[in-house]
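Just add 7 to the spot in the sequence shown (first one is 1) and you have this note's numbering.
Below you'll find the structure, written out as structure tokens, and then a few comments.
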Amino acid sequence: MDAQAVKAHAFKALHERPGIFVIPNPWDAGSAKMLASLGYQALATTSAGYAFSQGKADGGLSLDETLANVRAIVAATDLPVAVDLENGFSDDPAEAAKSLIRAAEAGAVGGSIEDATGRADAPIYCFEHAVARIEAAVAAVRTLPFPFILTARAENYLHGNPDINDTIRRLQAFAEAGADVLYAPGLRNAEEVLAVVRAVAPKPVNVLMSGGLKLTVQELEEMGVRRISTGSALALAAFGEFFRAAEEIQQSGTFGFTSQSMPYAKANQFFKG
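The structure is reproduced here in structure tokens:
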């Protein structure tokens with residue numbers, strides 16, 4: 008097998024083995040290298056984190072920009088990489104599915120498609136269209152010469168519609184359509200997480216630990232969650248520290264933040280070679 012196929016099979020095995028794993032979200036090649044050094048077994052891109060690093064709002068990236076970042080992250084480590092493809096950069100099921108093939112060509116071994124439209128006036132695709140998009144995505148990735156882990160996302164909670172019943176209905180339909188992993192970002196508490204896990208079992212569930220949900224890895228594992236991602240949380244942590252440091256200089260004329268900074272030699276060591 009070539010290197011990508013080896014990564015693909017390793018990524019698939021992570022989802023099939025007992026227990027839980029964390030798939031953190033680097034926003035560029037440098038953050039990917041730092042995460043790899045800590046022993047994580049796979050990485051996933053963050054559309055928001057990378058957009059912010061490029062001076063754009065979330066949703067402001069093109070498919071070509073997204074794939075350029077995928078290639079950089081894939082080249083930075085030997086880990087399997089999954090890609091946040093937002094809505095596939097198209098309303099059309101076939102065109103959205105093609106974005107997954109292009110992600111695989113860029114080196115990814117997994118990717119997600121969401122049911123959010125990107126439009127404020129109608130933020131979520133209707134049920135039938137959302138399912139058709141996942142069906143097309145499944146058909147596309149099954150043509151690849153290696154297992155590509157397709158994650159189907161139900162985005163109600165991120166767009167002002169915290170409807171657990173509709174979210175579960177969508178996730179169950181995505182599972183029936185052949186999605187490998189089910190994901191509803193923005194769940195608010197343990198009860199909702201548990202409801203999703205039970206509704207789509209035995210399919211693996213990804214839970215986003217970012218913002219309001221306050222649960223530990225152990226607690227999520229006990230609920231039957233298979234995978235935890237961090238979304239833009241790590242990027243926001245980095246940007247938050249950067250902003251506070253710059254704000255301290257501007258407002259106080261002091262440099263106290265340097266006492267908490269990573270030493271230059273340690274940072275430089277991550278990127279040698």
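Where is the CB? At the ideal position from N, CA and C, for every residue including glycine.
Helix, strand or coil, according to DSSP, for residue i in the structure here?
| i | result |
| --- | --- |
| Thr-158 | strand |
| Ser-54 | helix |
| Gly-263 | helix |
| Asp-35 | coil |
| Ala-146 | helix |
| Ile-30 | strand |
| Asn-168 | coil |
| Ala-20 | helix |
| Val-203 | helix |
| Leu-189 | strand |
| Ala-182 | helix |
| Ala-64 | coil |
| Leu-70 | helix |
| Asn-196 | coil |
| Met-41 | helix |
| Gln-225 | helix |
| Asp-99 | coil |
| Gln-48 | coil |
| Ala-110 | helix |
| Phe-59 | helix |
| Asp-173 | helix |
| Lys-273 | helix |
| Lys-279 | coil |
| Pro-253 | Reading off the sequence shown, one finds Ala at residue 253, where the question assumed Pro. Ala-253: helix per DSSP, three-state reduction. |
| Phe-246 | helix |
| Ala-208 | coil |
| Leu-241 | helix |
Considering only residues of the same chain and omitting the five flanking positions on each side of residue i, which have a CB-CB separation below 6 Å?
| i | result |
| --- | --- |
| Leu-68 | Ala-58 |
| Ala-79 | Ala-36 |
| Ala-15 | Val-116, Phe-153 and Pro-154 |
| Leu-215 | Pro-192, Ser-236 and Gly-238 |
For residue i, collect the residues of the same chain with a Cβ closer than 7 Å to its Cβ; drop the 5 residues on either side in sequence, then sort them by chain order.
| i | result |
| --- | --- |
| Gly-26 | Glu-228 |
| Ala-6 | The structure shown does not extend to residue 6, since the chain is modelled only from 8 through 280, so no value can be given for it. |
| Met-269 | none |
| Arg-233 | His-22, Ile-27, Pro-211 and Val-212 |
| Glu-199 | Ile-171 |
| Gly-219 | Arg-195 |
| Arg-177 | Asp-122, Phe-134, Ala-137 and Ala-161 |
| Ser-217 | Thr-237, Gly-238, Ser-239 and Ala-240 |
Which residues does DSSP pair with residue i in a beta bridge?
| i | result |
| --- | --- |
| Glu-121 | Arg-160 |
| Arg-233 | DSSP output for Arg-233 lists no bridge partner at all. |
| Asp-91 | Ser-119 |
| Ile-131 | Ala-123 |
| Asn-213 | Tyr-190 and Arg-234 |
Contact defined as beta carbons within less than 8 Å: I believe residue i pairs with residue j. What is the distance between those atoms, to the nearest angstrom?
| i | j | result |
| --- | --- | --- |
| Val-203 | Ile-175 | 6 Å |
| Met-277 | Met-41 | The amino acid occupying residue 277 in the given sequence is Phe; Met does not appear at that position. With a Cβ gap of about 5 Å, Phe-277 and Met-41 count as contacting. |
| Leu-107 | Val-148 | 5 Å |
| Val-77 | Gly-114 | 6 Å |
| Ala-83 | Ala-55 | Ala-83 to Ala-55, Cβ: 19 Å. No contact. |
Would a check of beta-carbon distances place residue i closer than 8 Å to chain C?
| i | result |
| --- | --- |
| Val-232 | The structure shown has no chain C; it contains just one protein chain. |
Spatial neighbours of residue i within its chain, please: C-beta separation below 8 Å, excluding the five flanking residues on both sides.
| i | result |
| --- | --- |
| Leu-201 | Met-230 and Gly-231 |
| Thr-44 | With the sequence shown as reference, residue 44 is identified as Ser, and Thr is not the correct amino acid for it. Here the set comprises Phe-277. |
| Tyr-164 | Thr-174, Ala-191, Pro-192, Gly-193, Leu-194 and Arg-195 |
| Leu-151 | Ile-108 and Ala-111 |
| Ile-131 | Asp-122, Ala-123, Thr-124, Ala-137, Glu-162, Asn-163, His-166 and Asn-168 |
| Glu-255 | Thr-261, Phe-262, Gly-263 and Phe-264 |
| Ala-197 | Leu-222, Glu-226 and Met-230 |
*With a cut-off of 8 Å, do at least 3 Cβ pairs link the region 142 to 155 to the region 15 to 35?*
yes
*Are the region 62 to 79 and the region 89 to 105 in contact at 8 Å, needing three or more beta carbon pairs?*
yes
*So, do the region 72 to 92 and the region 27 to 38 have three or more beta carbon pairs nearer to each other than 8 Å?*
yes
*Evaluate contact between the region 120 to 128 and the region 45 to 53, counting only Cβ atoms and requiring at least three cross-stretch pairs below 8 Å.*
no
*Within the chosen definition, does the region 101 to 110 reach the region 135 to 148 through at least 3 CB pairs nearer than 8 Å?*
yes
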